[in-house]
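Here is the structure we will look at, set down as structure tokens.
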Amino acid sequence: MSTSTLLKNDEPTSPEIATTIKVVDFFGRHADMYDSPSIRPLRCSMQKIIEREQTKRYGGKTLTQYVSDRFKIKLAEHRKDAKEEDRRKVDRCRLRAERLKKRNALIAQARIHCSSADSLFIPDGPVQTALEINDETQENEQLFGARRCYICKDTYRQLHHFYDRLCPECAELNWSKRHQCFNLRGKTALVTGCRIKIGFEIALKLLRAGATVIGTSRFPYDAAQRFSREHDFCQWEQQLSIYRLDFQHIASVEHFCTILSTKLDKLDIVINNAAQTIHRPNSYYQHVVDLHRDKIDSLEQQIVAVVNRGLSTSNQLKDEHNLTALAVRDCSQSDGAIVDVHGHALDLRSTNSWTQKLGEVDTSELVQVFAINTVAPFIICGKLQTLLLRNRQEGEPKFIVNVSAMEGKFEHFKKPTHPHTNMAKAALNMLTRTSAEDLAEKGIYMNSVDTGWVNDQRPVPTAVHLAAEAHFQAPLDEIDGAARVLDPIFEGMRTEQCFYGHFLKDYKPTDW
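In this text, residue positions in the sequence shown follow UniProt numbering: the first is 1, and each later residue adds one.
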């Protein structure tokens, strides 16, 4: 008898099929009876059918595998959605939101000249705030994923309305310190490098506190023009004078100190802020060179007066000793059509000295960095001691703040990049560490201050990539940096307990 004949003889008859359906249907309605030991042969017989149906239904997987895989997919989707929602919440924090708004405006402006403008800008720059502005709706935003606080390193999920990288406790302290002030009427302050970024914000805070401010810049007219754009310029313009000074020319720094000592009756505050972190190509300064060379006559009288107050007492420091003259001779032509948030031409180099190692940093840049970051502050602190003590009342505090950075800290993890800036800041810290106690005995209180992470110094292509892929923004802005620099002064004046000889980070002393 053939195999086909045997299979045909084994096929169930229609009555048998009907009976089977009836039996299966019965146990479907009486599941408790299906589990009976006497029904085990039936369960075993149906197992192959069940497994085959599950395989067909679940794409070749068992039910257990299918359920497990579906759970993993749903969990991944949930986490992705939660991460995207966290990004949206974080982007609503005002510091990020305002920076993104500025970035979008710059992109729209640059698209006229460059179709790939989206890849040219990072969210950057200061955000103007007032202490009374507090978006309560943002206070209760909770994140799905925990973040690590930039300052205390604790994890948190509750967002602050302004800072997205700070835990609630650190955010409140920084928000309060950001708006801290003290009446400085009658005080005179020197702020080096006052044209942009932190130096500009330091000078503004001092002016609004009532102090007379003497600022320095390689480009004084551009600096004065920037100050003139402030809404309250008319209230303090008479308190501001800006000197043309290039710290690369040491003789000019010494001459500047002599001029101040001759001209001023007193000096209360010295902020050694001017610094070079990255050497920029000369074309980076083309627009300010053009202003100083060709457009001074078109400036408003109030702007010119701010500079003239400085020039009239500086014997008009020689142009050949400042970067303006150098740039006029050397800079490449640029129409300045595409600018960053600070109004400078974009530096689109794929590498800069921030990413360079020993042997890659140009010797001329090493010398520049030490002249600006270390030698000039050394001269200023030494030469202006007498002026700081002139007409000092009994118990009246005087202040020197050396603007430093974590790059100058020895007890801190060090990458092999930018060794020259690390060296210069370490040397500046040693100036504070060595001289502060001696100066304090005379009533001059000197400290070094880390401004915090306010800018991304990496080359633009790298920074743009990290901003997009890692959702990166600097956790603080230039106003926060200025607040840190001025805190030893405001706190010392407010509490009448001045401290000295410290390296301050996040408003507290840290190790050298």
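From the three backbone atoms N, C-alpha and C, an ideal C-beta is built for every residue, glycine too.
For clarity, every value in this text was computed on a predicted model and none was experimentally measured.
Query: Proximity of Ala274 and Thr351 at Cβ, strictly below 8 Å; Result: no
Query: 8 Å contact criterion, which Ile250 and Val375 should meet: CB distance rounded; Result: 6 Å
Query: Integer Cβ distance of Leu466 from Pro377, believed to fall under 8 Å; Result: That belief does not hold up - the Cβ atoms of Leu466 and Pro377 are roughly 32 Å apart, past 8 Å.
Query: Reduced DSSP category for Arg157 - H, G, I as helix; E, B as strand; rest coil; Result: strand
Query: Same chain, Cβ closer than 8 Å to Ser228, five either side skipped, listed in chain order; Result: Glu237, Glu300, Gln302, Ile303 and Val306
Query: The region 253-263 in contact with the region 169-178 per 3-pair CB rule at 8 Å; Result: no
Query: Cβ-Cβ separation, Gly199 to Val341 (assumed contact under 8 Å), whole Å; Result: No, Val341 and Gly199 are not in contact; Cβ-Cβ is about 16 Å, not under 8 Å.
Query: Start-to-end residues for the beta strand (DSSP E) that takes in Tyr150; Result: No beta strand (DSSP E) holds Tyr150; DSSP gives it neither H nor E.
Query: Residues near Asp118 by beta carbon distance below 7 Å, same chain, minus five either side; Result: Ile107
Query: Nearest-angstrom beta carbon gap, Ile444 and Val253 [assumed within contact, 8 Å]; Result: Actually they are not in contact, since the Cβ atoms of Val253 and Ile444 sit about 19 Å apart, beyond 8 Å.
Query: For Ser404, the residue or residues it bridges with in DSSP; Result: Asp450
Query: Neighbourhood of Glu141 by C-beta distance below 6 Å, restricted to the same chain and skipping five residues each side; Result: Lys89 and Leu159
Query: Alpha-carbon to alpha-carbon, Phe399 and Phe499; Result: 10 Å
Query: Buried versus exposed call for Glu16 [16 or more other C-beta atoms within 10 Å across all chains shown]; Result: exposed
Query: Residues near Leu143 by beta carbon distance below 7 Å, same chain, minus five either side; Result: Asp86, Lys89, Arg157 and Leu159
Query: Validate contact between the region 468-482 and the region 490-507 using beta carbons, cut 8 Å, 3 pairs; Result: no
Query: The alpha helix (DSSP H) enclosing Ser261, as first and last residue numbers; Result: Ile250 to Lys263
Query: Under 8 Å between C-beta atoms of Gln248 and Trp354; Result: no
Query: Member of Ser115, Cys170, Glu360 and Tyr150 whose CA lies at the smallest distance from the CA of His418; Result: Glu360
Query: Inter-residue spacing [alpha-carbon to alpha-carbon] between Thr155 and Pro475; Result: 15 Å
Query: Continuous beta strand (DSSP E) stretch holding Val191: start and end; Result: Thr188 to Val191
Query: Sufficient close CB pairs (3 or more, under 8 Å) joining the region 238-247 to the region 202-213; Result: yes
Query: Within 8 Å, strictly: CB atoms of Phe503 and Asn391; Result: no
Query: Alpha-carbon spacing of Ile202 relative to Asp222, whole angstroms; Result: 17 Å
Query: Contacts around Asp506, its chain only, beta-carbon distance under 6 Å, and the 5 residues preceding and following it disregarded; Result: Ile151
Query: Where residue 520 sits in the DSSP three-state scheme; Result: In this structure the chain extends from 1 to 512, so residue 520 is not present and cannot be described.
Query: Close beta carbons around Ala18, own chain, < 6 Å, minus the five adjacent residues each side; Result: none
Query: Alpha helix (DSSP H) segment containing residue 513, residue limits; Result: Since the first and last residues shown for the chain are 1 and 512, residue 513 lies out of range.
Query: Other residues of its chain near Ala426: CB distance less than 6 Å, five sequence neighbours each side excluded; Result: Gly408
Query: Between the CA atoms of Ala82 and Asp25 - distance to the nearest angstrom; Result: 45 Å
Query: Between the CA atoms of Leu291 and Glu230 - distance to the nearest angstrom; Result: 19 Å
Query: Own chain residues within Cβ distance below 8 Å of Leu358, not counting five before or after; Result: Pro416 and Pro419
Query: Segment limits, beta strand (DSSP E) that includes Arg87; Result: Here Arg87 belongs to no beta strand (DSSP E); instead the alpha helix (DSSP H) covers Leu63 to Arg92.
Query: Status (buried if at least 16 other CB within 10 Å, exposed otherwise) for Arg70; Result: exposed
Query: Boundaries (first-last residue) of the alpha helix (DSSP H) holding Arg43; Result: Arg40 to Arg57
Query: Asn272: first and last residue of the uninterrupted beta strand (DSSP E) it sits in; Result: Ile269 to Asn272
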